[in-house]
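First up is the structure itself, then whatever we jot down about it.
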Amino acid sequence: EIEVGGGRKAIIIFVPVPQLKSFQKIQVRLVREMEKKFSGKHVVFIAQ
């Protein structure tokens with residue numbers, strides 16, 4: 666979790682590169698559900 670501009674926070678999720686393709690298929694729905702669960706915080710997936 667990091668702080669972004671305007672006093673808002675974002676949750677960063679690191680995804681292994683080999684699994685990135687499968688995450689991209691469900692990313693939109695997953696981000697929407699996680700943003701609801703974490704009370705409006707931004708959710709970002711980063712391949713590592």
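Counting in my numbering, the sequence shown runs from 666 upward without gaps.
C-beta: ideal position from N, C-alpha, C; glycine also.
Per DSSP, F679 lies in no alpha helix (DSSP H); the unbroken beta strand (DSSP E) holding it starts and ends at R673 to V680.
Judged by their CB atoms, V682 and I711 are not nearer to each other than the 8 Å cut-off. Excluding sequence positions up to five before and after Q713, its CB lies within less than 6 Å of the CB of F679, all in the same chain and listed in chain order. Within the model, the alpha-carbon separation for K690 versus V708 is close to 16 Å.
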